[in-house]
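Q:
Number of protein chains: 2
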Amino acid sequence: MADEDPAAKATLAATSWAILAILSPERELSGYDVKKVTEWSIRYFYWSPQFSQIYAELKKLEKLGLVTSRMDHDNGARNRRLYKITAAGLEAVTRWANDTPAEPPMLKHSVLLRVAFGNLAGPEKLKDLLQEHVEFAEDMLRQATHDAQVAETVDAWAYSRLALQWASRYYASERELALQMMKDLDEAEEAFGRSGGPGSAPAPRYWDEIGEKVNVEGKQA
Amino acid sequence: MADEDPAAKATLAATSWAILAILSPERELSGYDVKKVTEWSIRYFYWSPQFSQIYAELKKLEKLGLVTSRMDHDNGARNRRLYKITAAGLEAVTRWANDTPAEPPMLKHSVLLRVAFGNLAGPEKLKDLLQEHVEFAEDMLRQATHDAQVAETVDAWAYSRLALQWASRYYASERELALQMMKDLDEAEEAFGRSGGPGSAPAPRYWDEIGEKVNVEGKQA
DNA sequence: GTGCTCATGTAAGGCGTTACATGATTAT
DNA sequence: ATAATCATGTAACGCCTTACATGAGCAC
């Protein structure tokens, strides 16, 4: 409990802000609780950090004076450390929410990566992967829809509900896009027949032309 | 030239595989070239690593015997190091493509994170962020569509084309989802009027109920 | 009493970024 | 001549994960 360095407020990573935001209703939470909250909602659109990271982040936030902590013995109870946001923390996280531009979303879609390098595996393998992805999307869709319904029961969760509804639609779309890709693969297979289309040829030498074709034309940042 | 450790093949990270896959058409590429390829297609669905990381990855791949390199003087030319995949590398990346299950896609959507913590900022601020996101999605949509058209001109890019078409649809959907969210926010505002709905209340104490409401019901992994 | 979940961490290391440095070529 | 781009890196650091360790309560 000490630093209060105002410069640090600006340089926290999004994960730290997320944890601080979870603590922003002025309620005491343990690291375990924080993890549960991320699992409940945030994981659908912003992954979910590991326990070890959450504990480390909480310590960091405490050193910055944005949260305080105390040990809990009353409760049951195993030993657990409870964290609570400070006035400085509340002010910092509010400034973050109001004054910081959002970073561009970042996506690492392994399935699409496989598709892009489909010549290494062939369309059948890709369709297997896509089928699995469809099931994954359906699973997430179901869970997000359920959690969104839970969020309807409490007024204070209104924004979480909106985010979870977005997630429902997102995973529904993810499902459709995968199904569409499977169709596209079928069509491509038919078009190429068993001649040297996608999947059979070693697909050599394409970068020659990339420079000329790509660089000039599009791309206004 | 050296290690050839077969165990290592299984434990490379997706980024390494992506770079190796880029080199899989047996063509000599510099680190700079690799970066350009990622910028051309992969960035739409799997971000784009920094130069420094690409150079580091290439060195690592070389130490593993999956690529070889030589200096290029002929070409123009500044000094540049050209990398080429080895037989071992080709075999390893093919095995990766065929035998490794795809990891679940990972998304870090800062805009949705803001929505989920909307009580810290209010609906007007959120709508600004969403409007910016709409423009971002439109920009990506335009670029992906352009690059997909470029990919149509070369047979060997068939899979890249499919991936880029997917990206077009993805960013179109991203746009729609953001617009829908803006509508939802408007409706929520109207419903709550200027009474203590989203945006005004400090939204206290919600985690009490999370344990009871959430844990039991849904969630089959 | 055995195993499961709750709960809190430490240690090691890989992934990935930012910042910096350098020099050569190309464009103006 | 000057600036911009091409091209290749190094250094430092922060983010994040995996693996491991520990102990306490609870279910059977």
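Quick mapping for you: the protein sequence lines, in order, are chains W and Y. Residues 1 to 221 (the UniProt record's numbering) are what the first sequence spells out, left to right. Residues 1 to 221 (the UniProt record's numbering) are what the second sequence spells out, left to right. All C-beta atoms, glycine included, are put in the ideal place defined by N, C-alpha and C.
(1) Can you round the beta-carbon distance between residue 28 of chain Y and residue 66 of chain Y to whole angstroms, since I take them to be within the 8 angstroms contact cut?
(2) Is it the case that the Cβ atoms of residue 21 of chain W and residue 97 of chain W are separated by a distance below 9 angstroms?
(3) With DSSP collapsed to three states, give me the class of residue 27 of chain W.
(4) Compare the C-beta of residue 69 of chain W against all C-beta atoms of chain Y and say whether one is closer than 9 angstroms.
(5) With a 10 Å radius around its C-beta and 16 neighbouring C-beta atoms as the bar for buried, classify residue 133 of chain Y as buried or exposed.
(6) Please report the Cβ distance between residue 225 of chain Y and residue 148 of chain Y, rounded to the nearest whole angstrom; I am assuming they are in contact, meaning their Cβ atoms lie under 8 angstroms.
(7) Go through the UniProt domain "Transcription regulator PadR N-terminal" (19-93) of chain W residue by residue and report every complete run of the beta strand (DSSP E) that reaches 3 residues or more, in order.
(8) Given that a residue counts as buried once 16 or more other Cβ atoms are within 10 Å of its Cβ, and exposed if not, what is residue 32 of chain W?
(9) Around the C-beta of residue 45 of chain Y, are 16 or more other C-beta atoms found within 10 angstroms, so that it is buried, or is it exposed?
(10) Taking the beta strand (DSSP E) that residue 120 of chain Y belongs to, which residues open and close that run?
(11) So, residue 170 of chain W versus residue 177 of chain Y, is the Cβ gap smaller than 9 angstroms?
(12) Quick check: the Cα distance between residue 110 of chain W and residue 135 of chain Y, rounded to an integer number of angstroms?
(13) Can a CB atom of chain W be found closer than 9 angstroms to the CB of residue 173 of chain Y?
(14) Look up residue 107 of chain W in the DSSP assignment and give the residues it is bridged to.
(15) Can you find a C-beta in chain Y that's less than 9 angstroms from the C-beta of residue 80 of chain W?
(16) Excluding the 5 residues preceding and the 5 following residue 62 of chain W in the sequence, name in chain order all residues of the same chain whose CB lies nearer than 8 angstroms to its CB.
(17) Residues of chain W with a CB under 9 angstroms from the CB of residue 73 of chain Y: which are they?
(18) Verify the CB distance criterion: does residue 136 of chain W have a CB-CB separation below 9 angstroms to chain Y?
(19) Would residue 87 of chain Y pass as an interface residue toward chain W - the criterion being a Cβ-Cβ separation below 9 angstroms?
(20) On the CB-based measure, 16 or more other CB atoms within 10 Å of its CB, does residue 117 of chain Y come out buried or exposed?
(21) In chain W, which residues lie less than 8 angstroms from residue 14 of chain Y when you measure between Cβ atoms?
(22) When the distance is taken between beta carbons, is residue 19 of chain Y closer than 9 angstroms to residue 64 of chain Y?
(23) How would you label residue 11 of chain W, buried or exposed, when you count the other beta carbons within 10 angstroms and need 16 or more for buried?
(24) Is the shortest distance between the beta-carbon of residue 94 of chain W and the beta-carbons of chain Y less than 9 angstroms?
(25) Just checking my contact of residue 185 of chain W with residue 126 of chain W at CB under 8 angstroms: how many whole Å lie between their CB atoms?
(26) Less than 9 angstroms between CB atoms is the rule here; does residue 53 of chain Y satisfy it with respect to chain W?
(27) Name, please, each residue of chain W whose Cβ falls closer than 9 angstroms to the Cβ of residue 184 of chain Y.
(28) Name the chain Y residues that come within less than 9 angstroms of residue 30 of chain W, Cβ to Cβ?
(29) Could you list which residues in chain Y have their beta carbon closer than 7 angstroms to that of residue 103 of chain W, in chain order?
(30) Under 9 angstroms between beta-carbons, which chain W residues line up against residue 129 of chain Y? List them in chain order, please.
(31) Residues of chain W with CB closer than 7 angstroms to the CB of residue 141 of chain Y, please, in chain order.
(32) Quick check on the burial criterion: 16 or more other C-beta atoms within 10 angstroms. Buried or exposed for residue 101 of chain W?
(33) Give me the residue from W:34, W:187 and W:99 with the minimum Cα distance to residue 114 of chain Y.
(34) Distance check for residue 180 of chain W and residue 37 of chain Y, CA to CA, integer angstroms please.
(35) Tell me the rounded alpha-carbon separation between residue 143 of chain W and residue 108 of chain Y.
(36) So residue 120 of chain W contacts chain Y; which residues on that side make the cut at Cβ distance below 7 angstroms?
A: Once the coordinates are examined:
(1) Mapped onto the second sequence, residue 28 of chain Y falls at position 28. Mapped onto the second sequence, residue 66 of chain Y falls at position 66. Going by Cβ atoms, the distance from residue 28 of chain Y to residue 66 of chain Y rounds to 15 angstroms, so no, they are not a contact pair.
(2) For the purposes of this step, residue 21 of chain W is identified with residue 21 of the first sequence, where counting begins at 1. For the purposes of this step, residue 97 of chain W is identified with residue 97 of the first sequence, where counting begins at 1. Yes.
(3) The sequence position of residue 27 of chain W within the first sequence is 27, counting from 1. Correct three-state label for residue 27 of chain W: coil.
(4) Residue 69 of chain W sits at position 69 when you count from the first residue of the first sequence. Chain Y contact via Cβ: absent.
(5) As a position in the second sequence, residue 133 of chain Y is number 133, starting the count at 1. It is buried - the Cβ of residue 133 of chain Y has at least 16 other Cβ atoms within 10 Å.
(6) Residue numbering for chain Y in the displayed model covers 1 to 221; residue 225 of chain Y lies beyond these limits and cannot be assessed.
(7) 67-72 and 80-85
(8) Indexing the first sequence from 1 puts residue 32 of chain W at position 32. Its Cβ having fewer than 16 others within 10 Å, residue 32 of chain W is exposed.
(9) On the second sequence, position 45 is the one that residue 45 of chain Y refers to. Under this definition residue 45 of chain Y is a buried residue.
(10) For this step, residue 120 of chain Y is matched to residue 120 along the second sequence. Note, residue 120 of chain Y: premise wrong, no beta strand (DSSP E); not H, not E.
(11) Stepping through the first sequence from its first residue, residue 170 of chain W is reached at position 170. Stepping through the second sequence from its first residue, residue 177 of chain Y is reached at position 177. With a cutoff of 9 angstroms on beta-carbon distance, residue 170 of chain W and residue 177 of chain Y are scored as near each other.
(12) Translated into the one-based positions of the first sequence, residue 110 of chain W becomes position 110. Translated into the one-based positions of the second sequence, residue 135 of chain Y becomes position 135. A direct Cα-to-Cα measurement between residue 110 of chain W and residue 135 of chain Y gives close to 25 angstroms.
(13) Taking the second sequence and counting its residues from 1, one reaches residue 173 of chain Y at position 173. Answer yes: the Cβ-Cβ gap between residue 173 of chain Y and chain W drops below 9 angstroms somewhere.
(14) Sequence index remark: in the first sequence, residue 107 of chain W carries index 107 (1-based). In the DSSP output, where bridge partners are listed per residue, residue 107 of chain W has Y:107.
(15) Along the first sequence, one-based indexing puts residue 80 of chain W at 80. Not an interface residue.
(16) Taking the first sequence and counting its residues from 1, one reaches residue 62 of chain W at position 62. The beta carbon of residue 62 of chain W sits closer than 8 angstroms to the beta carbons of 1, 68, 69 and 83 from its chain, once the five residues preceding and following it are set aside; these are given in chain order.
(17) As a first step, residue 73 of chain Y must be located in the second sequence, where it is residue number 73. Ordered by position in chain W, no residue passes the 9 angstroms Cβ test against residue 73 of chain Y, which lies about 20 angstroms from the chain.
(18) Numbered from 1 along the first sequence, position 136 holds the residue referred to as residue 136 of chain W. Yes, residue 136 of chain W lies at the interface with chain Y (some Cβ there is under 9 angstroms from its Cβ).
(19) Against the second sequence, residue 87 of chain Y aligns to sequence position 87. So, not an interface residue.
(20) If you number the second sequence from 1, residue 117 of chain Y lands on position 117. So residue 117 of chain Y counts as buried.
(21) Position 14 of the second sequence holds residue 14 of chain Y. Simply 108, 110 and 113.
(22) Taking the second sequence and counting its residues from 1, one reaches residue 64 of chain Y at position 64. Taking the second sequence and counting its residues from 1, one reaches residue 19 of chain Y at position 19. No, they are not a contact pair.
(23) Looking up residue 11 of chain W in the first sequence gives position 11. Flag for residue 11 of chain W reads exposed.
(24) Counted from its first residue, the first sequence places residue 94 of chain W at position 94. Flagged as an interface residue toward chain Y: residue 94 of chain W, by a C-beta distance shorter than 9 angstroms.
(25) Taking the first sequence and counting its residues from 1, the one referred to as residue 185 of chain W is at position 185. Taking the first sequence and counting its residues from 1, the one referred to as residue 126 of chain W is at position 126. At roughly 6 angstroms, the Cβ-Cβ gap stays under 8 angstroms, so residue 185 of chain W and residue 126 of chain W are in contact.
(26) Counting from one through the second sequence, the residue named residue 53 of chain Y turns up at place 53. For residue 53 of chain Y, the answer is no, since every Cβ of chain W falls outside 9 angstroms of its Cβ.
(27) The residue given as residue 184 of chain Y occupies position 184 in the second sequence. Chain W residues near residue 184 of chain Y: 162, 165 and 166.
(28) Looking up residue 30 of chain W in the first sequence gives position 30. Under the 9 angstroms cutoff, chain Y gives no residues; its nearest Cβ is about 10 angstroms from residue 30 of chain W.
(29) On the first sequence, residue 103 of chain W is found 103 positions in, with the first residue counted as 1. Near residue 103 of chain W (Cβ distances below 7 angstroms), the residues of chain Y are 110.
(30) Here residue 129 of chain Y refers to the residue found at position 129 of the second sequence. Near residue 129 of chain Y (Cβ distances below 9 angstroms), the residues of chain W are 101 and 102.
(31) The sequence position of residue 141 of chain Y within the second sequence is 141, counting from 1. None at all; the shortest Cβ gap to chain W is about 12 angstroms.
(32) Position 101 of the first sequence, counted from the start, is the residue given in the question as residue 101 of chain W. Flag for residue 101 of chain W reads exposed.
(33) Position 114 of the second sequence, counting from 1, holds the residue named residue 114 of chain Y. If we check each option's Cα against that of residue 114 of chain Y, W:99 comes out closest.
(34) Mapped onto the second sequence, residue 37 of chain Y falls at position 37. Mapped onto the first sequence, residue 180 of chain W falls at position 180. Looking at the two C-alpha atoms, the distance is approximately 25 angstroms.
(35) Taking the first residue of the first sequence as position 1, residue 143 of chain W is located at position 143. Taking the first residue of the second sequence as position 1, residue 108 of chain Y is located at position 108. Cα to Cα, residue 143 of chain W sits roughly 18 angstroms from residue 108 of chain Y.
(36) Translated into the one-based positions of the first sequence, residue 120 of chain W becomes position 120. Ordered by position in chain Y, the residues that pass the 7 angstroms Cβ test against residue 120 of chain W are 21, 24, 93, 94 and 97.
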